[in-house]
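Heads up: the protein sequence lines correspond to chains A and B, in order. Just remember that our numbering sits 59 ahead of the position in the first sequence, which is counted from 1. Just remember that our numbering sits 885 ahead of the position in the second sequence, which is counted from 1. Ideal Cβ placement from N, Cα and C applies to all residues, glycine included. Since we're looking at a predicted model, the values are computed, not measured.
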Amino acid sequence: MNPFSSGTRLRDMIRAIRSCKTAAEERAVVRKECAAIRAAISENDQDYRHRNLAKLMFIHMLGYPTHFGQMECLKLIASSGFPEKRIGYLGLMLLLDERQEVLMLVTNSLKQDLNHSNQYIIGLALCALGNICSAEMARDLAPEVERLLQFRDPNIRKKAALCSIRIIKKVPDLAENFINPAASLLREKHHGVLITGIQLCTDLCKVSSEALEYFREKCTEGLVKTLKDMANSPYAPEYDIAGITDPFLHIRLLKLLRILGQGDADASDCMNDILAQVATKIESNKNAGNAILYECVGTIMSIEDNGGLRVLAINILGRFLSNRDNNIRYVALNMLMKAITVDAQAVQRHRATILECVKDSDASIRKKALDLVYLLVNESNVKPLTKELIEYLEASDQEFKGVLTAKICSLVEKFSPEKIWYIDQMLKVLSEAGNFVKDEVWHALIVVISNASDLHGYSVRALYRAFQTSAEQETLVRVAVWCIGEYGDMLVNNVGMLDIEEPITVSASLSIESSVAGSLLGSLSASLKIFVTESDAVDALEVSIKRHNSDLTTKAMALIALLKLSSRFPSCSERIKDIILQNKRSFVLELQQRSIEFNCILQKHQNIRSALVERMPVLDEATFSGRRAGSLPTSVSTSTGTARNLPNGIAKPAAAPVADLLDLSSDDAPAPSSSGGDFLQDLLGVDLSPASAPPGTSQPPKAGTDVLLDLLSIGTSPPAQSSSSASNILSSIQDDKASLANLNGLASLTSLSPNATSASPAPMMDLLDGFGPSPQRKEENGPAYPSLVAYESSTLRMTFNISKQPGNPQTTLIQAIFTNLSPNVYNDFLFQAAVPKFLQLHLDPASSNTLPASGNGSITQSMKVTNSQHGKKSLVMRIRIAYKINNKDVLEEGQVSNFPRDL
Amino acid sequence: MKDLNCPNINIEIAAQQRQQKSESGSWLRCFRRIQIFVIRELGGVILNRGPKLCNFVDWRGFKVVYKRYASLYFCMCIDQDDNELEVLEIIHHYVEILDRYFGSVSEVCELDLIFNFHKAYYILDELLLAGELQESSKKTVARLIAAQDSLVETAKEQASSISNIIAQATK
């Protein structure tokens, strides 16, 4: 006989499957077996139907498809014998689920079986219904189940009660039908019925407030009495577990009392005594007793306030916490988490013990304890708790570090009392577990550092120090690299030294000096200067670029930082150029491209470099998160994946000059205002977008990009959307002479910068490359407007000659004529203008930067304004004029709003 | 321990339906579909835990209570607000009933359960229903199972005697 025919016994099949050595063998056995069963099904074999179904169930448990056997279940259920029904219902529960339409067909059989004369068959039907009932079946069969709640045999009553739970969960509307029969179950003596009846009442209370009211009123006292009887009952061998009579019943009673007492003082009062009795009398040396105590504490915590009981409960939890059994400690932590909403003070008392649990060897307990500590932290205890957690971070295993780091970071961010503390803690986390820190966390750190202008120096020095010891932590390296790039000068010059700082002791080559300096430790600031030199800072960046396990993001950030340092540390600029050049051969496109671009900036565009690498403006904390979430179209358009991860990384430093444009308030102190960057900053800092820039706050960098695009891309239809637009534009200058507009933009920028015009006219001409503005064009202008005095002070007058280009109504050409009304000569004369967003402004170079005294000559400067809302809005302009009288800086500012309306 | 095909894990997971979560209440049904996956993953989590650690693991938003008996692991998936210690007690309750049923001297044998997985299910159905405990007396459960088994035996005897009669009649 074929061993795999339907003739094999179940036992043989299981044996055959278990003896399989490989998964393939097992599949073969199962395939043959399934084929045999299918054949039997199609032959409508009756004798072995139940055996086949049993086999199918086993096959199903192994994970193979068995849908073809579903109808067999129904046939078995429909047959008359008990054995067939028994296996049929089991198959129904195992093989089918409530979403399958086959289930519809079974409703009728269930109905018949619920009315069967054999109580065991009724039991089977109730069991199946309780496990798989769908909403439709619940509606159809609820009356039968309701009737069975009063069946003569208690074993059917208990099954019917649990079946009712499923029904009311599926169709809460049916709950009211069950309230009365459920209440009568509570008066039963049979433990099974009582347990299930209480469970049914509990679930009724959850779905129906009507039921809750009813039970609270009618049954609370009865339940309290039942619990009292249970607690005082003599030894009952049938229900005894560890000396306690039926702990399951205890627990269910307590659970129902919890629901009844919650939010109702009278009901709570009624159960106070018995709860106190249970809490004090139950022995806690066995699991069963502890289970009851645990439930009892939960009930005490949930019902209306009774100070004495609460103390009792918290004490029990305290005992649990110091228990040696991990299970008990686990549930204690679990319950403390619930108790914290009720009585936070009491939970705080156990803080030390809970902190110990964070260091437990059991992962489940660690996790629970950490969750609890997280809830315990508030402003007053954040410092010690964070300290503990960070200390533990060193010792924790790799698996747990991720969770722990996330929690610490979130705590530090949430409760940090001061910025320096925040920076310190984050630094510790980064040095300890930087590789587990999520991107948004270190991005946030950068934002905070950027905002703490008095801590820039401190941060960069601390990061530099941490970098020396923990260079393997990727995110630490990134933040360090960013800060060195931004605030490298402070690292070296020791700006903003705080009292608490220690001098940096680094660099093996300087060890001799360090020992010398050690004796001079009294003057910290003096010794620091010895230690970190400009080339040390560059060393750090070079290390992070060259380290083989640095990822692309870090390398790219380091590259940008180097570019920035090139202007901060002139002495190292040759070395920086070399490092940047080495990346020209990088296999990574991003690095290669940046390296070439940066090299161009270093070599050919000295005049704008300092402007490009200006320090970033303060990053706005409020917009930071929103920007991260929503507005990354800029980086999405760039092809490499890195840019996308790097809202704060590559993208920002590259766009730094862009952002500089926006700097309205923050960096007043640093950098003398002769550079082009500052000029730009001043220029646009005046009043860019009237709607969104209240004075004194920094503007979101995103808007800054737009402004820059507006400024630089006049006439080009799709403005460069890359966030690194500045460098893109630069590169386009290199190889794309077509972008006249961009060139014009840059030309006007550079030419306006006084030191650019005076110091390096040659590269500028290079840049302009014949695209400079031709004065002749003005003569071809269209209708002329009367000249207007745009600005006049006691010392200076500015007149605008306005004209239009024919056929281009949006564009207005303005010739500004400056006249000196004072007896002094103005040197380094510089005119700056800013316009709102709907306007685009081109400034051509001024005719001179010296304005003779007493009106004996003038400076002229042309500009072109394009009004994108021509006809709707008229021109408006903020101006700033800077010049020197006898080497003394003078600054005049004003607004021009008297333009003719139709410009 | 190593044998993850052991049906007990399935039984326990499948048996636990105490959820208030989705109104469809079907996550357990889903469990059955992906039970192989569940067993592999959960099995991995549980088997990796040392002997002295606590018997609860958080697993994909559920709490899993497990208990080890020699080479057998019994686990139950429960709701967040269920009493974990009680569930341990229920597992022990079940094991004691199995012990008594299969008549082994000390502990249930893995093979007993594999070859009689359907019987293990029958017993479970007398102990738990709709994910809730239905009987706290081991004696009652044993009595109910015995009564039903004897019903099956009688039916079998009847069937064989009938087939004998038929066989003799057709001889």
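Check, Outcome
"Near-chain B residues of the stretch 199-213 of chain A (beta-carbon distance less than 8 Å), N- to C-terminal order", "none"
"Among A/Q662, A/A615, A/S625, A/R627, the one whose alpha carbon lies nearest that of A/S645", "A/A615"
"Within-8 Å CB hit, A/Q652 to chain B", "no"
"Within-8 Å CB hit, A/S267 to chain B", "no"
"Beta-carbon proximity of A/R97 to A/L69, cut-off 8 Å", "no"
"Test item: CB-CB of A/R317 and A/T285 under 8 Å", "no"
"Exposure of A/M289, with buried meaning 16 or more beta-carbon neighbours within 10 Å", "buried"
"Under the three-state DSSP convention, the category A/R216 falls into", "helix"
"Backbone secondary structure at A/E297 - three-state DSSP", "coil"
"Under 8 Å by beta carbon: chain B residues contacting A/M116", "F1002, H1003"
"Partner residues on chain B for A/P142, Cβ-Cβ distance less than 8 Å", "L1036, V1037, A1040, K1041"
"Alpha carbon of A/V252 to alpha carbon of B/I1008, nearest angstrom", "18 Å"
"Cβ-based neighbour list, A/C329, same chain, cut-off 7 Å, excluding 5 preceding and 5 following", "T279, E280, V283"
"Beta-carbon proximity of A/S327 to A/E269, cut-off 8 Å", "no"
"Span separating the alpha-carbon of A/Q652 from that of A/I660", "12 Å"
"With 16 other Cβ atoms within 10 Å as the buried cut-off, status of B/I1051", "exposed"
"Distance, A/V506 Cα to A/Q997 Cα", "Within the shown structure, residues of chain A are numbered from 60 to 962, placing residue 997 of chain A beyond reach of any answer."
"Buried or exposed (CB count within 10 angstroms, at least 16 for buried), A/N365", "buried"
"B/T1025 at chain A interface by Cβ criterion, 8 Å", "yes"
"Where A/G174 falls, given that 16 or more other Cβ within 10 Å makes a residue buried", "What sits at residue 174 of chain A in the sequence shown is Asn, not Gly. A/N174 is exposed by the Cβ-count criterion."
"Contacts that A/E195 makes with chain B (C-beta to C-beta distance below 8 Å)", "Within chain B, no residue comes near A/E195; the closest Cβ sits about 13 Å away, beyond 8 Å."
"Residue-chain proximity (A/Q258, chain B), Cβ-Cβ < 8 Å", "yes"
"Helix, strand or coil at A/L934 [DSSP, three-state]", "coil"
"Rounded C-alpha distance that separates A/R378 from A/N214", "40 Å"
"Residue range of the beta strand (DSSP E) that includes A/K923", "917-926"
"Rounded distance between the beta-carbons of A/Y451 and A/K397, thought under 8 Å", "25 Å between Cβ atoms; not a contact."
"Below-8 Å beta-carbon distance, A/R68 vs any chain B residue", "no"
"Limits of the beta strand (DSSP E) - the one that A/S862 falls within", "855-864"
"Contact set for A/N510: own chain, Cβ-Cβ below 8 Å, skip 5 residues either direction", "K478, V677, L678, E680"
"Three-way DSSP call (helix, strand, coil) for A/D498 in this model", "helix"
"Segments of 4+ residues assigned as alpha helix (DSSP H) that fall wholly inside the stretch 656-681 of chain A", "665-671"
"8 Å Cβ cutoff met for A/G544 and A/I619", "yes"
"Cβ separation of A/L244 and A/L200, assumed to be a contact under 8 Å, to the nearest whole Å", "Contact doesn't hold; Cβ gap of about 19 Å is too wide."
"A/T870 - DSSP class collapsed to helix/strand/coil", "strand"
"Below-8 Å beta-carbon distance, A/A75 vs any chain B residue", "no"
"Close Cβ partners of A/G147 (< 6 Å) along its chain, the five nearest in sequence each way excluded", "C132, L135, I136"
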